[in-house]
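Enquirer: My structure is below; once you've seen it, I'll send some questions.
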Amino acid sequence: MCCETLRDPNKNPLLSSILAAGLVAILFCSACFSVQAQSVASFTTADPFAIPEKNSAIHFAVNGTYTQASLENGTWFFTDLHLNNAGPAGTLESFQASVQDCNVMILMCQRLNFSNTVVRLRYNVTGAGVQAFKFGLNLTGGDWMVTLNNDFKAENDGWSVLPDGTLTVTGATANVSISYYVFPHDFGGPDTSDQSFFQQHSVSITIGVSVAVAVVLAVGIRVRSGTNEQTKADRQQETRSQGVCR
């Protein structure tokens, strides 16, 4: 018999393997970043976080989310606090706030992972009271920068820091800006060894998986294109063969 049946181009084992590898890479990436996913609660600027025993309340100037918020002994404890103006990487895993005999309007509260500024907090205050905050981070290798009522203040001049990292403000009557600056890790900045592997290398993992998927798709398209060309050539050969057979 001088004519052969054409093979089905969709039954290419190499192409199937490549596409399967790409699917596995995508699923792996999704699993890495969702393994610690929790239910998220939303709040708006209309939601006060009152502290009745201290005659005070905390408000936010922008909407946001958290995974947990509770009032304990006159202090609000937030888990995974994220304000809408904080940027995608601005979530604070742990944040504590306590105010007494005043009301606070928080304008910005964020963590910065790609800057010499580790944390930043800005708020307005009404009343001559006391405000205390704790960011839940191992803040070492840097310095605090605090402005009260638009004036830069040195430590112990209207504000102070306890050994456990709690920053207390006593001299504000209008606005406050708090930032913590560090040098890069190679110059004595904070150590991230307590973070998980995926937190430390999230950017590298994302880039690596994206490149791998792009390569897999490119190879798959090339293989499919080559298969189609081969199929076309086989059909032309079959046509010529049929002519010879006649």
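For the sequence shown, the residue numbers in the working numbering are 193 to 438.
Just so it is clear, CB atoms sit at the ideal spot from N, CA and C, and this is done for glycine as well.
None of the values given here were measured: they were computed from a predicted structure.
1) State the CB to CB distance for the pair residue 245 and residue 266, rounded to an integer number of angstroms; the pair is presumed to be in contact (CB under 8 Å).
2) Quick check on residue 346: does DSSP put it in helix, strand or coil?
3) Write down every uninterrupted run of the beta strand (DSSP E) in the stretch 244-296 whose length is 3 residues or greater and which is fully enclosed by it, in chain order.
4) Taking C-beta to C-beta, are residue 292 and residue 323 nearer than 9 Å?
5) Is residue 352 helix, strand or coil when you go by DSSP?
6) Consult DSSP for residue 238 and reduce its assignment to one of helix, strand or coil.
7) In the DSSP assignment, find the beta strand (DSSP E) that holds residue 325 and state where it starts and stops.
8) Thinking C-beta only, is residue 371 closer than 9 Å to residue 336?
9) Using DSSP bridges, identify the partner residues of residue 329.
10) Using the beta-carbon count (16 or more within 10 Å), is residue 283 buried or exposed?
11) For residue 223, which of helix, strand or coil comes out of DSSP?
12) Out of curiosity, what's the CA-to-CA distance linking residue 380 and residue 333?
13) Excluding the five sequence neighbours on either side, which residues of its own chain have a C-beta within less than 8 Å of the C-beta of residue 262, listed in chain order?
14) Residue 354: buried (16+ other C-beta within 10 angstroms of its C-beta) or exposed?
15) Could you give the C-beta distance for residue 366 and residue 317, rounded to a whole number, given that I count them as a contact under 8 Å?
16) When the Cα of residue 271 is compared with those of 233, 349, 243, which residue comes out closest?
17) Candidates 235, 256, 303, 299: which alpha carbon is nearest residue 373's?
18) Give me whichever residues DSSP pairs with residue 369 in a beta bridge.
19) So residue 295 and residue 319 are supposed to be a Cβ contact under 8 Å. How far apart are they, rounded?
20) Helix, strand or coil for residue 364 per DSSP?
21) For residue 325, count neighbouring Cβ atoms within 10 angstroms of its own Cβ and tell me buried if that reaches 16, exposed if not.
Expert: Based on what the coordinates show:
1) 5 Å
2) coil
3) 248-252, 256-258, 260-264, 267-275, 284-292
4) yes
5) strand
6) coil
7) 322-326
8) yes
9) BP columns for residue 329 are empty, so no partner.
10) buried
11) Note on residue 223: pLDDT 48, under 50, position unreliable in the model; the coordinate value appears next. Helix, per DSSP.
12) Only weak support exists for where residue 380 lies, its pLDDT of 43 falling under 50; the value from the coordinates is given anyway. So the two alpha carbons sit approximately 5 Å from each other.
13) 268, 269
14) exposed
15) 7 Å
16) 233
17) 303
18) 314, 339
19) 6 Å
20) coil
21) buried
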